[in-house]
Amino acid sequence: MGQGINFYSRRDPCKTKAAQADERYQVFYPEQILGVNALSYEACARTGRPFRHTPVTPSPAVARSRDIFHQLNLDPRNFTTNPAMLSTFVTEMGKIKGREQTMLTVKNQRLLGRTIRRAKMMGVIPNLSKF
3 MGQGINFYSR RDPCKTKAAQ ADERYQVFYP EQILGVNALS YEACARTGRP
53 FRHTPVTPSP AVARSRDIFH QLNLDPRNFT TNPAMLSTFV TEMGKIKGRE
103 QTMLTVKNQR LLGRTIRRAK MMGVIPNLSK F
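Just so we're aligned, residue 3 is where the sequence shown starts under the numbering used here, counting upward by one.
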(Lines of atoms letter the chains of each structure in order from A and count residues from 1; the text may use other names and numbers.)
(Lines give C-alpha, C1' and ligand atoms only; values in the text may rest on other atoms or scores of the structure.)
Protein backbone atom coordinates (compact mmCIF):
# COMPACT_ATOMS: atom_id res chain seq x y z
CA MET A 1 0.00 0.00 0.00
CA GLY A 2 2.52 2.59 1.03
CA GLN A 3 4.73 3.73 3.77
CA GLY A 4 1.89 5.23 5.82
CA ILE A 5 2.72 8.89 5.28
CA ASN A 6 0.95 11.17 7.71
CA PHE A 7 -0.31 14.12 5.67
CA TYR A 8 -1.13 16.08 8.82
CA SER A 9 2.46 16.08 10.04
CA ARG A 10 4.39 19.33 9.73
CA ARG A 11 7.70 17.56 9.33
CA ASP A 12 8.93 16.29 6.01
CA PRO A 13 7.75 12.66 5.74
CA CYS A 14 10.67 11.73 3.46
CA LYS A 15 13.29 12.41 6.14
CA THR A 16 14.32 9.74 8.57
CA LYS A 17 13.90 10.19 12.31
CA ALA A 18 17.65 10.61 12.69
CA ALA A 19 17.65 13.46 10.16
CA GLN A 20 14.75 15.10 11.96
CA ALA A 21 16.60 14.79 15.27
CA ASP A 22 19.67 16.44 13.72
CA GLU A 23 17.59 19.49 12.88
CA ARG A 24 16.38 19.93 16.45
CA TYR A 25 19.45 18.94 18.45
CA GLN A 26 23.17 19.19 18.05
CA VAL A 27 24.55 15.67 17.79
CA PHE A 28 27.81 14.78 19.53
CA TYR A 29 29.92 11.82 18.41
CA PRO A 30 32.16 9.67 20.67
CA GLU A 31 35.58 10.92 19.49
CA GLN A 32 34.46 14.47 18.79
CA ILE A 33 36.61 17.22 20.28
CA LEU A 34 34.74 20.31 21.40
CA GLY A 35 36.06 23.81 21.51
CA VAL A 36 36.41 25.87 24.67
CA ASN A 37 33.12 27.72 24.25
CA ALA A 38 31.14 24.97 22.48
CA LEU A 39 28.79 24.41 25.41
CA SER A 40 28.51 28.01 26.58
CA TYR A 41 25.17 29.72 26.79
CA GLU A 42 25.91 31.96 23.79
CA ALA A 43 26.78 28.98 21.58
CA CYS A 44 23.72 26.95 22.57
CA ALA A 45 21.16 29.77 22.76
CA ARG A 46 18.73 30.30 19.95
CA THR A 47 19.47 33.21 17.74
CA GLY A 48 16.85 35.52 16.34
CA ARG A 49 14.07 37.61 17.74
CA PRO A 50 12.40 36.51 20.96
CA PHE A 51 8.81 35.34 20.82
CA ARG A 52 6.31 38.14 21.39
CA HIS A 53 2.78 37.53 22.51
CA THR A 54 0.05 39.19 20.53
CA PRO A 55 -1.95 41.51 22.74
CA VAL A 56 -5.37 40.17 23.65
CA THR A 57 -6.63 43.07 25.71
CA PRO A 58 -6.74 46.66 24.52
CA SER A 59 -3.78 48.90 25.18
CA PRO A 60 -4.14 51.40 28.04
CA ALA A 61 -4.67 54.31 25.63
CA VAL A 62 -7.42 52.48 23.74
CA ALA A 63 -9.06 51.34 26.98
CA ARG A 64 -9.06 54.88 28.37
CA SER A 65 -10.66 56.20 25.18
CA ARG A 66 -13.42 53.55 25.21
CA ASP A 67 -14.03 53.20 28.95
CA ILE A 68 -17.30 54.96 29.78
CA PHE A 69 -16.47 55.07 33.49
CA HIS A 70 -13.12 56.74 32.79
CA GLN A 71 -14.60 59.24 30.33
CA LEU A 72 -17.38 60.36 32.68
CA ASN A 73 -15.21 60.06 35.82
CA LEU A 74 -17.63 57.57 37.42
CA ASP A 75 -16.95 54.84 39.97
CA PRO A 76 -18.34 51.41 38.99
CA ARG A 77 -18.99 50.64 42.67
CA ASN A 78 -21.77 53.22 42.71
CA PHE A 79 -23.83 51.05 40.32
CA THR A 80 -24.24 48.07 42.65
CA THR A 81 -28.02 48.46 42.80
CA ASN A 82 -28.48 49.19 39.07
CA PRO A 83 -29.16 45.79 37.43
CA ALA A 84 -29.85 47.26 33.97
CA MET A 85 -26.36 48.74 33.76
CA LEU A 86 -24.63 45.68 35.24
CA SER A 87 -26.37 43.30 32.82
CA THR A 88 -24.40 44.75 29.91
CA PHE A 89 -21.19 43.41 31.49
CA VAL A 90 -22.55 39.92 32.24
CA THR A 91 -22.97 37.01 29.78
CA GLU A 92 -26.21 35.07 29.37
CA MET A 93 -24.90 32.44 31.77
CA GLY A 94 -24.15 35.04 34.44
CA LYS A 95 -20.37 35.21 34.01
CA ILE A 96 -18.52 38.51 34.07
CA LYS A 97 -17.28 39.45 30.61
CA GLY A 98 -13.55 39.78 30.09
CA ARG A 99 -11.65 42.99 29.53
CA GLU A 100 -11.24 42.27 25.81
CA GLN A 101 -15.04 42.42 25.47
CA THR A 102 -15.85 45.24 27.86
CA MET A 103 -12.94 47.48 26.70
CA LEU A 104 -12.50 48.88 30.21
CA THR A 105 -9.29 49.93 31.90
CA VAL A 106 -7.66 47.45 34.26
CA LYS A 107 -8.74 49.38 37.34
CA ASN A 108 -12.37 49.79 36.25
CA GLN A 109 -12.60 46.14 35.14
CA ARG A 110 -11.44 45.07 38.58
CA LEU A 111 -13.90 47.41 40.32
CA LEU A 112 -16.72 46.33 38.01
CA GLY A 113 -16.07 42.66 38.79
CA ARG A 114 -16.20 43.41 42.48
CA THR A 115 -19.45 45.34 41.96
CA ILE A 116 -21.08 42.50 40.01
CA ARG A 117 -20.08 39.93 42.64
CA ARG A 118 -21.44 42.19 45.37
CA ALA A 119 -24.72 42.66 43.45
CA LYS A 120 -25.05 38.88 43.07
CA MET A 121 -24.56 38.40 46.81
CA MET A 122 -27.15 41.08 47.54
CA GLY A 123 -29.63 39.43 45.15
CA VAL A 124 -29.83 42.41 42.78
CA ILE A 125 -28.87 40.27 39.76
CA PRO A 126 -29.27 36.48 39.42
CA ASN A 127 -26.27 34.19 39.91
CA LEU A 128 -26.69 31.78 37.01
CA SER A 129 -28.44 33.71 34.25
CA LYS A 130 -28.89 37.08 32.67
CA PHE A 131 -32.30 38.47 33.55
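Think of the CB as a built atom: it goes at the ideal place given N, C-alpha and C, for glycine as much as any other residue.
Between the Cα of residue i and those of the options, spot the shortest distance and give me the residue it belongs to.
| i | options | result |
| --- | --- | --- |
| Val126 | Glu94, Arg112, Met87 | Met87 |
| Ser131 | Asn110, Glu94, Glu102, Leu76 | Glu94 |
| Asp69 | Arg54, Lys122, Lys109 | Lys109 |
Considering only residues of the same chain and omitting the five flanking positions on each side of residue i, which have a CB-CB separation below 8 Å?
| i | result |
| --- | --- |
| Phe91 | Ile98, Lys99, Thr104, Leu114, Ile118 |
Within its chain, find whatever has a CB closer than 7 Å to the CB of residue i; leave out the 5 residues flanking it on each side and keep chain order.
| i | result |
| --- | --- |
| Arg66 | His72, Thr107 |
Could you check the C-alpha separation between residue i and residue j for me, to the nearest Å?
| i | j | result |
| --- | --- | --- |
| Gln34 | Ala40 | 12 Å |
| Pro2 | Glu44 | Past the boundaries of the shown model lies residue 2; the chain is included only from 3 to 133, so the question cannot be answered. |
| Asn129 | Cys46 | 53 Å |
| Arg54 | Ser42 | 25 Å |
| Arg112 | Pro85 | 18 Å |
| Val64 | Gly96 | 26 Å |
| Asp77 | Val58 | 25 Å |
| Leu74 | Lys122 | 25 Å |
| Phe30 | Leu36 | 9 Å |
| Arg79 | Thr56 | 31 Å |
Using 10 angstroms around the beta-carbon of residue i, count the other beta-carbons present and answer buried if the total reaches 16, otherwise exposed.
| i | result |
| --- | --- |
| Phe81 | buried |
| Pro62 | exposed |
| Arg101 | buried |
Ordered along the chain, which non-local residues of its own chain (more than five positions away) have a Cβ less than 6 Å from that of residue i?
| i | result |
| --- | --- |
| Arg116 | none |
| Arg120 | Thr82 |
| Met124 | none |
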